[in-house]
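**Q**
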Amino acid sequence: MSYVSFAKDITQYCDCLPGPGEVVIKDAGIFASESPVSIDGAFLKVIDYEVFNKAYNVDCMLQVQEAKKLAIEGETEPKIHELC
Numbered sequence: 003m004s005y006v007s008f009a010k011d012i013t014q015y016c017d018c019l020p021g022p023g024e025v026v027i028k029d030a031g032i033f034a035s036e037s038p039v040s041i042d043g044a045f046l047k048v049i050d051y052e053v054f055n056k057a058y059n060v061d062c063m064l065q066v067q068e069a070k071k072l073a074i075e076g077e078t079e080p081k082i083h084e085l086c
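Heads up: the sequence shown is residues 3 to 86, going by the working numbering.
1) Classify residue 60 as buried or exposed, calling it buried when 16 or more other Cβ atoms lie within 10 Å of its own Cβ.
2) Three or more beta-carbon pairs under 8 Å between the segment 61–77 and the segment 24–32, yes or no?
3) Assuming residue 45 and residue 7 form a contact by the criterion Cβ under 8 Å, report the distance between their Cβ atoms to the nearest whole angstrom.
4) So, are the CB atoms of residue 79 and residue 39 less than 8 Å apart?
5) Among 41, 17, 9, which has the Cα closest to the Cα of residue 82?
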């Protein structure tokens, strides 16, 4: 199985809410992997995720680390290959 994530126009809060807030990350890119852990790890590696840590009062990387502990395949610090 493969995973693709388009990280574009990301708001501080979930866009499923009536008031997701302003866009805090315009375009971080497109991420692809065979692992959801690696995609999330790569995304957090590329952006300044402190805005989300402050919004939720928790380290966003904890979710990725917990997924890894649950034996979900992937790397929390994946190697990133940029394609233009």
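Ideal Cβ placement from N, Cα and C applies to all residues, glycine included.
Every value quoted in this text rests on a predicted model; they were computed, and no experiment measured them.
**A** Let's see:
1) What you label residue 60 is simply residue 58 of the sequence shown in a count that begins at 1. Exposed is the call here.
2) no
3) Against the sequence shown, residue 45 aligns to sequence position 43. Against the sequence shown, residue 7 aligns to sequence position 5. Going by Cβ atoms, the distance from residue 45 to residue 7 rounds to 7 Å, so yes, they are a contact pair.
4) Position 77 of the sequence shown holds residue 79. Position 37 of the sequence shown holds residue 39. Against a cut-off of 8 Å, the Cβ pair of residue 39 and residue 79 comes out as no contact.
5) Here residue 82 is taken as the residue at index 80 of the sequence shown, counted from 1. Residue 82 has its Cα closest to that of 41, out of 41, 17, 9.
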